[in-house]
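In order, the protein sequences belong to chains U and R. Under our numbering, residues 1 to 107 are what the first sequence spells out, in order. Under our numbering, residues 1001 to 1569 are what the second sequence spells out, in order. Report on the following structure.
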Amino acid sequence: MSATMTTPEAPAATQQSVLRLTVNNHPGVMSAVCGLFSRRSYNLEGIMVRPIEGTEGAQSRVWLLLNEVDKLEQVMRHTEKLVDVLKVERHALEDSVFASTDGFFKV
Amino acid sequence: MTETASNPTPEAAQRLSGSQLIIKLLERQGVTHIAGVPGGAALPLYDSLSNSTIQHVLARHEQGAGFIAQGMARVTGQAQVCFASSGPGASNLITAVADARLDSVPLIAITGQVPQQMIGTDAFQEIDTFGLMLPITKHNWLVRSAEELLTVIPEAFRIALSGRPGPVSIDVPKDVQNEMIDVTEWPELGTAIPTPEFDEKAVEEMLVKIRESHKPLLMIGGGIVYSGATEQLREFAEKLDIPTVQTFMGLGILPDDHRLSLGMLGMHGARYTNYLLEECDMLIGLGVRFDDRATGKVEAFCPKAEIIHVDIDRSEIGKVKNPVLSIQADVGEVLTVAHKQLEAMQRPLWQQRVDQLKAAHPLILEGDDELFRPYGAIKAVAEILDDTANISTDVGQHQMWVAQAYPFNRPRQWISSGGLGTMGFGLPAAIGVALAQPDQKSVCFSGDGSFMMNIQEMATAAEENLDVKVVILNNGHLGLVRQQQTLFYEKNLTAVKYQQTVDFAKAAEAMGVKGVDLSKSDEPLADLKSALLEHGPCVINLPISETEMVYPMVAPGGANADMIGGESV
């Protein structure tokens, strides 16, 4: 993953997209998701993962922040093929985990 | 096997070790052969294998084992298994697994791993097999308990065979192989899940578009072979009267002399074939992935055509070319639906244009009447053999000459490393082919460069006494690299000539394989014939000039219309 530095003049919010993944909470699933993005040379801007409450540790939620809209559909299809990925959904940036954690990513 | 998948027979609890469980589950899946190389972390696995009905084929290198299993899988379409130990055993399998991924081959790689409590300690022969296999498999596992094997092994078969086939890998720590568990019930067998559903109306729409087009071409690939849809495809092409290009992976779907066959497209396609792609107004891609060796420069590929794309893998649709209509489905099922609505039609004007271009720019097989020239050698072998022979290749010039000139007449007759282009593929793959179909000739065309990359497997072929023949088109060079240095690097020939020559016939004899050197033969054609027709492994050395080229050739990254060479005089 090539992490791009976000500056105050960063691309407008509309150019960013958010994916909400439901995955098996399984060793290696993070590696599978991140590896897929780097292998397909698709930039990942941010990633947040926690086990999903009420699944007794069986599933995790992965939030991905992305900035390449034109390749989004393609990379979603690749992500859907991962055996441990149960669901891939697009999500609005506004009420995503990234919107509420901005404060942790300032100098 | 008496138990059916849907109704597993409960048995009295059996106390089994993890390794015994693996072998039992593989037997239940119908595995008859496993190619592999044992080692420290796979000792329990091999201990259990000794009591099995499964025949183990002892490869001389793990990569050989991987390609032997691939050869079996490619020719049968069934998932096949290879074994290796941890560390270098597993890393040696990597190339064969990656190769299976790119050519969609159902391969199951099972590796031993150091015991779990030693993982992460840089233990002897420890390597992160899970991490290494992850990017090159459809899915992979590090098994944490013997119990998990009951789900992982059937799941491995299911994933390898479902949708677009491909490799999986299962890493099993030694302590898991040794763990004892009580098995009371066997899991259902792992088989392919149902193919994706699709809208039959889309097929109707596709047929309307095809009927409306004036200059359509079909582009058919490995998906047709894997779907078992050859007959449907032939009928589809014939009824709609559509000239058809075959990808590298699709060779053999249309018989070589079929009136609609335009042969292979792309980098080494015939001139008329690539010119027709320039002119077509519709390209119907069936079970293809628009590989760069087929399309050339994508922006210049089929510039006038609307694209229709049918593929079982949704992520292939729109990856390279944006279709006006696409169907994610098993291509055979789409053709079956289409069959109900097929009305025969004719395209005399378009066929006339095809004939015209074909006459003006045919595929030139220079020297095809001379035994010691590439096309001549290939034609001579083809004339000696019949269509039951399975033909494999290594990678390089010889591979492209065979792809252009060998008369393939049925699917799965052609076994070659397409996507990864692995030199060293040929001999072990040919061994696997012979193991799976022992009553048919398994003939591998190789080059002196490729053959050296898995030459040790001659001993395996001798040990199994298989009807494997290797014809080495020997030019003493890395021919395809030499060709590219000649054409694109101003003849600056670097590191392509083998200063030290190898007597392959003698090397073969040293490993228990018959060696025939046609350069020393008084009657080379007769000797070739008897070498091919008698039973048993044989290596045939056939010298050719290093100045021979594969023509036409599209420069890598160039447009298909800009071909070098292969012009009629």
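All residues carry an ideal CB built from backbone N, CA and C; glycine is no exception. If you're wondering where the values come from, they're calculated on a predicted model, not measured in any experiment.
Annotated as proximal: R/GLY1476 and R/THR1501, with beta-carbon spacing under 8 Å.
With the criterion set as a beta carbon lying under 7 Å from some beta carbon of chain R, the members of the region 33–49 of chain U are GLY35 and ARG39, in sequence order.
At a cut-off of 8 Å between beta-carbon atoms, U/ARG90 makes no contact with chain R. Neighbours of U/GLY28 across chain R, judged by C-beta separation under 9 Å: PHE1130, GLY1131, LEU1134, ASN1140, TRP1141 and LEU1142. Counting only the Cα atoms, R/LEU1150 lies some 8 Å from R/TRP1186.
Below the 7 Å Cβ cutoff, chain U contributes no neighbours of R/SER1091, its closest Cβ being approximately 18 Å away. Judged by DSSP secondary structure, R/PHE1445 falls outside any alpha helix (DSSP H) and instead within the beta strand (DSSP E) spanning 1442–1447. In chain order, SER1315, GLY1318 and LYS1319 make up the part of chain R whose C-beta sits under 8 Å from the C-beta of U/GLN74. Judged by DSSP in its simplified three-state form, R/SER1227 adopts helix. As a beta-bridge residue in DSSP terms, R/GLY1296 pairs with R/ALA1559. R/ASN1474 is the residue among R/VAL1433, R/ASP1467 and R/ASN1474 whose C-alpha sits nearest the C-alpha of R/GLY1449.
For U/VAL18, no Cβ of chain R is located within less than 8 Å of the residue's own Cβ.
Listed by position along chain R, the residues whose Cβ is nearer than 8 Å to that of U/VAL83 are LYS1138, HIS1139 and ILE1159. With the rule of 3 Cβ pairs closer than 8 Å, the region 1046–1064 of chain R does not count as touching the region 1205–1215 of chain R. Taking a beta-carbon distance threshold of 8 Å, U/ARG61 does not count as an interface residue toward chain R.
When the beta-carbon positions are compared, R/GLN1399 and R/VAL1183 stay at least 8 Å from each other. The Cβ of U/SER100 sits no closer than 8 Å to any Cβ of chain R. Interface with chain R (8 Å Cβ-Cβ cutoff): U/SER96 is excluded. The C-alpha of R/SER1442 lies about 15 Å from the C-alpha of R/ARG1410. Between the alpha carbons of R/ASP1527 and R/GLU1534 lies a gap of roughly 11 Å. Here R/CYS1082 is bridged, per DSSP, to R/ALA1035 and R/ALA1109.
By the beta-carbon neighbour count (other beta carbons within 10 angstroms, threshold 16), U/GLN59 is buried. Here U/GLN15 is not near U/GLU45, since their CB atoms are 8 Å or more apart. When DSSP reads this structure, U/ARG20 sits in a beta bridge with U/TRP63 and U/GLU89.
In the DSSP assignment, U/ILE47 falls outside any alpha helix (DSSP H) and lies within the beta strand (DSSP E) extending over 44–51. Residue environment for R/LEU1435: buried (at least 16 other C-beta atoms within 10 angstroms of its C-beta).
Rounded to the nearest angstrom, the gap between the Cα atoms of U/VAL85 and U/ALA32 is 9 Å.
Look at R/TRP1141 here: in three-state DSSP terms it is strand.
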